[in-house]
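Residue numbers -19 to -1, 1 to 224, in mature numbering (1 follows the signal peptide of the UniProt record, and there is no 0), belong to the letters of the sequence shown in order.
Yeah, the Cβ is synthetic: ideal placement off N, Cα and C, and Gly gets one too.
Keep in mind that this is a model prediction, so the values were computed, not measured.
Structure first, commentary second.
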Amino acid sequence: MPILIFALHVTGSLNTVLSTEHRREICRYIYNHQNEDGGWGTQVLGPSTMFGSCLNYVTLRLLGEVENDALTNGRAWILLRGSATAIPQWGKIWLSVVGLYEWSGNNSIVPELWLVPHFLPIHPGRFWCFCRLVYMPMSYLYGKKFVGPITPTIMAIREELYSVSYNEIDWNKARDTCAKEDLRYPRSLLQNVIWTCLNKFVEPVLNCWPINKLRDTALKNLMKHIHYEDESTKYIGVCPINK
């Protein structure tokens, strides 16, 4: 539900697609699944997580909800556990899309990887389908550094999700921060080395002229893959997550 609302918001179609009654019922659904501790789970009946809490809190605010006991409790849960900087990677990406998190606070999801020869095991086309079809649009959004409209509501939410002013957040530090409620498996040393190399060396090089021309090629290639997946599944996708 939150990701649908995010998508409708950034495309400016929220109030067109959803009537007042639909928005009211969506809010009621989210309120009914708030846990007693104030947070929301990643899954409807699961324990509270930073991912579920941030996305559902933002969804309610985008739907026009203002301060009430449920929102106050949700915000308290988020701030008590490190604020939205501690949301895991998928959450960081979605918050970046709506303008509530900076792209510089994300680990690099290089779209250029789709240009390597397909016979190599690191080509995303060889990934498990769910991994591949989630990585595909996320790497496109990352490559574009896409951000939706920065509205007064977005500006207000920026001040609600963090324990310090939005402009004072250390995004380099936030990049590797994850709440313990969401950290199922700590990253290995190898993963840390790979991410460090990507963030500190590979990404800066790929953004320098004339190498940055490669990104445009990668993004065009990615969009062809995205259209192919849509058309070959009649716009259903393999599951709601990648859709």
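Where Arg107 and Leu101 are concerned, what is the direct C-alpha to C-alpha distance, given to the nearest angstrom? 8 Å
Residues that Trp21 bridges to, as DSSP identifies them: Thr30
Once you ignore the five residues that flank Ile192 on each side, which residues in its own chain have a CB closer than 8 Å to its CB? Val186
Pull up the CB-CB distance for Cys35 and Ile68, whole angstroms please, since I reckon it's below 8 Å. 5 Å
Within the continuous alpha helix (DSSP H) that includes Arg72, where are the two ends? A quick correction: the sequence has Gly, not Arg, at residue 72. Per DSSP, Gly72 belongs to the alpha helix (DSSP H) from Gln70 to Val79.
Mind checking which residues open and close the alpha helix (DSSP H) that includes His208? For His208, the uninterrupted alpha helix (DSSP H) run begins and ends at Lys194 to Ser213, by DSSP.
Given a cut-off of 8 Å on the beta-carbon distance, is the pair Met136 and Ile207 in contact? no
Which residues mark the beginning and the end of the alpha helix (DSSP H) in which Gln172 is found? Leu170 to Cys178
Any C-beta of chain B sitting closer than 8 Å to the C-beta of Gly27? Included in the structure is just one protein chain, with no chain B present.
Taking DSSP as the reference, what is the three-state secondary structure of Ile138? The answer is helix: DSSP assigns Ile138 an H, G or I state.
Delimiting residues of the alpha helix (DSSP H) encompassing Cys8: Where Cys8 is concerned, the enclosing alpha helix (DSSP H) stretches over Thr1 to Asn13.
Flag this pair as touching only if the segment 139 to 151 and the segment 1 to 8 have three or more C-beta atom pairs under 8 Å; answer yes or no. Taking a contact to require three or more Cβ pairs closer than 8 Å, the segment 139 to 151 and the segment 1 to 8 do not qualify as touching.
Which class does His(-11) belong to by DSSP, given the choice of helix, strand or coil? In the structure shown, the three-state DSSP call for His(-11) is helix.
Measuring alpha carbon to alpha carbon, tell me which residue in Glu48, Ala(-13) and Arg56 is nearest Asp18. Arg56
Nearest-angstrom Cα distance between Ser(-7) and Ala(-13)? 9 Å
When the Cβ atoms of the segment 59 to 75 are set against those of the segment 194 to 207, are three or more pairs found closer than 8 Å? no
Quick check: Val78 and Val128, are their CB atoms within less than 8 Å of each other? yes
Do Val183 and Ser29 have their beta-carbon atoms positioned less than 8 Å apart in this structure? no
Quick check: what's the CA-CA separation for Val25 versus His14? 6 Å
Compute every distance between the C-beta of Thr177 and the non-hydrogen atoms of the ligand SAM, then say whether any falls below 7 Å. Looking at this structure, you won't find the ligand SAM or any other ligand, since it has none at all.
Buried versus exposed, by CB contacts within 10 Å (16 or more), residue 267: In the structure as shown, the chain begins at -19 and stops at 224. Residue 267 is therefore absent and cannot be evaluated.
Going by the CB atoms, is the gap between Ile138 and Arg42 shorter than 8 Å? yes
Where the alpha helix (DSSP H) containing Tyr121 begins and where it ends: Cys110 to Lys125
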